[in-house]
Amino acid sequence: MSAGSDVAVSGAVPDVAPRRGGMLAGRGSALAAALIFSALAVLPPIALAIGDPFLVVMATRIVVFAIAALSLDLVLGYGAMVSFGHAAFVGLGAYAVAILASHGIDDVLVQALAAILLCSLFALVTGAISLRTKGVYFIMITLAFGQMAYFFMVSLSAYGGDDGLTLSARSTLFGLPVLAGDISLFYASLAVLVLAFLGLRALTLSRFGRVLRGTRENPIRMQAIGFQPFAFQLTAYVIAGALAGLAGVLLANQAEFVSPAYMSWQRSGELIVMVVLGGMGTLVGPIGGAIAFLLLEDWLAHFSEHWKLGLGVLLVLLVLFTRGGIAGGVERLFGRARP
Amino acid sequence: MFNLFLLQALNGVQFGILLFLVAAGLTLIFGIMDMINLAHGVLYMVGAYFAATFTALTGDFLFGLAIALPAALLFGLVLEFLIFRHLYERDHLDQVLATFGLILILNEGVKIVWGAAPMSVPIPEILSGAIPLIGPLQYPFYRIAIIAAGLLTAVGLWLLVNHTRIGMLLRAGAVNAPMVSALGVDIRRLFMLVFGFGAMLAGFAGAMVAPILSVEPGMGDGVLILTFVVIVIGGVGSVRGAFVAAILVGLVDTLGRTFGPIVLRAVMDPSAASQTGRTLAPMLIYILMAAVLFFRPSGLFPAKGAAA
Chain A
5 MSAGSDVAVS GAVPDVAPRR GGMLAGRGSA LAAALIFSAL AVLPPIALAI GDPFLVVMAT
65 RIVVFAIAAL SLDLVLGYGA MVSFGHAAFV GLGAYAVAIL ASHGIDDVLV QALAAILLCS
125 LFALVTGAIS LRTKGVYFIM ITLAFGQMAY FFMVSLSAYG GDDGLTLSAR STLFGLPVLA
185 GDISLFYASL AVLVLAFLGL RALTLSRFGR VLRGTRENPI RMQAIGFQPF AFQLTAYVIA
245 GALAGLAGVL LANQAEFVSP AYMSWQRSGE LIVMVVLGGM GTLVGPIGGA IAFLLLEDWL
305 AHFSEHWKLG LGVLLVLLVL FTRGGIAGGV ERLFGRARP
Chain B
543 MFNLFLLQAL NGVQFGILLF LVAAGLTLIF GIMDMINLAH GVLYMVGAYF AATFTALTGD
603 FLFGLAIALP AALLFGLVLE FLIFRHLYER DHLDQVLATF GLILILNEGV KIVWGAAPMS
663 VPIPEILSGA IPLIGPLQYP FYRIAIIAAG LLTAVGLWLL VNHTRIGMLL RAGAVNAPMV
723 SALGVDIRRL FMLVFGFGAM LAGFAGAMVA PILSVEPGMG DGVLILTFVV IVIGGVGSVR
783 GAFVAAILVG LVDTLGRTFG PIVLRAVMDP SAASQTGRTL APMLIYILMA AVLFFRPSGL
843 FPAKGAAA
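Pasting the structure below:
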């Protein structure tokens, strides 16, 4: 089945052959991430210096989607679960902000807590059902649950329905409008991204992460040595859902607007593209993928309103002629350097 | 109340029949090739556009349909040759990405060729009008024609799958494709056939709805998701399962939207009932799917045996 896969697994072949960016794994990964984070950190002063404040807005979007892509990578790259409904969590997180704000609760900590609880619960219920299946079933079911959340928000006319909901102001912290400025929101998002990266790094290097990767490589063998893959996969699914919800909290604040479009299945597809573009199963990959994707989107949109056509062509060519995204390309260019 | 029920039930069956036409090809592609194809919905859209264009060219819907079908078949075969045959051996994630890219290409491509504005197709003269049901109740003849055409296609498919040599190979392929290949069947040609045929069925569904829905870019996306629900409920690779599940989903969705608020009014006050009903109705089919999966993780009629 995975004839061209670069990973030879004897016995049962997992549904998604794992791919690892050899060059970007291990210490190289941490170094690359540190470089990206420092580059982002010095961006606002540079943007101010060259008089282009829009750069900060763009960079905030990039950071927010990097968090979402990072969370998806835990499921997709480390858990080998092709989840096609991940945007639903981002949208639920964003709606947690908007709905609470419309009732006068605008403290960001309360909103974030609500988003995390809501997304964890949604992930727990839908994950428990979806994980009873595998392969194409899993893809279709996560897609269907994502659409379910989407249609729920579309028909929830009390909170804007299809038109969405505009926030009157950004979230506050203990009553102080600390996120009101674009630059402070950017640094807050960046801080969440760095913390998420460090947290997931610790998680994937822990025993939990090793079991998860073992399940990715060969679930039957993991079962044979006494692990319950289901529990580990479900835990990863819930953690990823909660983190995506946190990205949604930031997204709602960045746009000061929420709408069901955040949870559409095209958004979920784009998140997958980010993860794969950057190289899945590496933590720095999705961050690079989110940067590359959003810059590409912005760049293509300059040329023509039909930029999605270009994106589609690029995707098809990427799949037909390369394997393993940017990280895979780097690996092929510079030869194998497995940790 | 009964009249409303009858009308909505007929609408539900008609919707289900359309879902079946799209799902029949897709379930075979999933089942036999173990391949996920997100681009099946855009084939439905392309079929609708073909029907609209050829109807405008020939001035007659039936002529237009007669040209749109082979055009959809050809379109499917070209896609198979250019893209899909290179994806059979890949893992699911590659297939998801490539077919997602194909959706973007075709949705934008349609906008470039035909424009973003919706197109409408007139209902053909001989199929217009309504037929009387009971008492003063009438039902559009064209929707009856859709149901009839869908049922005929279902019977044809049943004969093809259960009583021909090709059908035997299809069923064998859905259970164990490598074994069929090892027995000397050219599985690649079988795949190509299934794909082209599935594209034509989806195109047929799109062409049939062209007169009653507006033909617009992205019209296949919603149908694709519902088709997935149908396939998951029916069981991947099973045409019979797709039929049962499609009718079930069509009925539950249509009746739920109409009668959900009415039923809820019995337990809560009217305004809350209509609000809750409208919010919950679109979720019904997903709840149905979750329930089916909970009890039967591989759908109602799984094609593969216990081994898979």
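From first to last, the protein sequence lines stand for chains A and B. Counting in the working numbering, the first sequence runs from 5 upward without gaps. Counting in the working numbering, the second sequence runs from 543 upward without gaps. Built from N, CA and C at the ideal position, the CB exists for glycine as well.
In the DSSP assignment, A744(B) falls within the alpha helix (DSSP H) that extends over I729 to V751. Rounded to whole angstroms, V717(B) and L735(B) show a C-alpha spacing of 17 Å. One Cα belongs to S816(B), the other to G792(B), and the distance between them is close to 21 Å. Taking the Cβ atoms as the reference, I827(B) lies roughly 6 Å from V771(B), within the contact range of under 8 Å. DSSP places D111(A) within a strand segment (E or B) once states are collapsed to three.
DSSP places Q680(B) inside the beta strand (DSSP E), whose first and last residues are Q680 to P682.
Judged by their CB atoms, M85(A) and Y154(A) are not nearer to each other than the 9 Å cut-off.
Taking a cut-off of 8 Å on C-beta distances, the stretch 270-286 of chain A does not touch the stretch 114-126 of chain A, as fewer than three cross pairs fall below it.
For the stretch 129-153 of chain A, the set of positions with a beta-carbon nearer than 7 Å to some beta-carbon of chain B reads I133, R136, T137, G139, V140, Y141, I143, M144, I145, L147, A148, F149, Q151 and M152 in chain order.
Look at G282(A): its C-beta is not under 9 Å from any C-beta on chain B. Between the alpha carbons of R713(B) and V703(B) lies a distance of about 7 Å.
Residue-level contact by beta carbon holds for Q817(B) and chain A, with a gap shorter than 9 Å. Taking a 10 Å sphere around the C-beta of S670(B), we find fewer than 16 other C-beta atoms and assign the residue as exposed.
When the Cα atoms are used, A118(A) and V112(A) turn out to be separated by approximately 10 Å. Among the residues facing chain A, M734(B) is not included, as its CB has no counterpart in that chain under 9 Å away. Contact between the stretch 202-218 of chain A and the stretch 132-147 of chain A is absent, with fewer than three C-beta pairs closer than 8 Å.
The Cβ of F155(A) sits closer than 9 Å to at least one Cβ of chain B. Looking only at G314(A), A305(A) and V198(A), the smallest Cα-Cα distance to L648(B) is reached by G314(A). For L619(B), the nearest beta carbon of chain A is not closer than 9 Å to its own beta carbon. Across the stretch 100-124 of chain A, no CB contact with chain B closer than 9 Å is found for any residue.
The contact set of I276(A) on chain B, defined by CB atoms closer than 9 Å, consists of L635, V638, L639 and F642 in chain order. A straight line joining the alpha-carbon of V765(B) with that of A659(B) spans about 19 Å.
At a cut-off of 9 Å, the C-beta of V323(A) has a neighbouring C-beta in chain B. Within chain B, no residue has its beta carbon less than 9 Å from that of F93(A); the closest one is some 16 Å off.
Annotation for A658(B): no alpha helix (DSSP H) segment contains it, and DSSP assigns it neither H nor E.
Counting only Cβ-Cβ distances below 9 Å, H90(A) has no contacts in chain B at all, with the closest Cβ about 12 Å away. Contacts with chain A at 9 Å (Cβ-Cβ) include L648(B). Residues of chain A with a Cβ closer than 8 Å to the Cβ of M831(B) are, in chain order, I145 and A148. Exclusion of the five residues before and after P264(A) leaves Y154, M157 and V158 as the residues of its chain whose Cβ lies within less than 6 Å of its Cβ. At a C-beta separation below 8 Å, V86(A) has these neighbours in chain B: H634, L635 and V638. In the DSSP assignment, A192(A) falls within the alpha helix (DSSP H) that extends over D186 to L209.
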